[in-house]
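In my numbering, the protein residues as written are 159 to 268. Glycine included, every Cβ here is placed at the ideal spot set by N, Cα and C.
Quick look at the structure:
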């Protein structure tokens, strides 16, 4: 039996809701998501957040990695190796920033 995958669902009420879904269904949803979206790069994310330095933004993204990582149903492809590009789903990333603006802008560098 396959292990289920946890996905975040946004009902627009400001609360994060998680559901378990079968791996096959999750993979299909991720494939559809990538077809329907264009990616943006790290410089776009810097402009969107208003943060001027990648050295400031990256630790903040890492702090929210569990929520943001595409592998967990999020909107950011975290690079697996140095010099690999960061990729963002623009619509979902903007929604995340709006929902977490207070916490995101106050996130400390760890």
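| field | Where residue 222 sits in the DSSP three-state scheme | value | coil
| Quick one: what's residue 245 bridged to in DSSP? | 235
| query | What are the boundary residues of the alpha helix (DSSP H) that includes residue 201? | reply | 200-207
| said: Between the alpha carbons of residue 211 and residue 190, how many angstroms are there, rounded? | reply: 32 Å
| Do residue 250 and residue 233 have their CB atoms nearer than 7 Å? | yes
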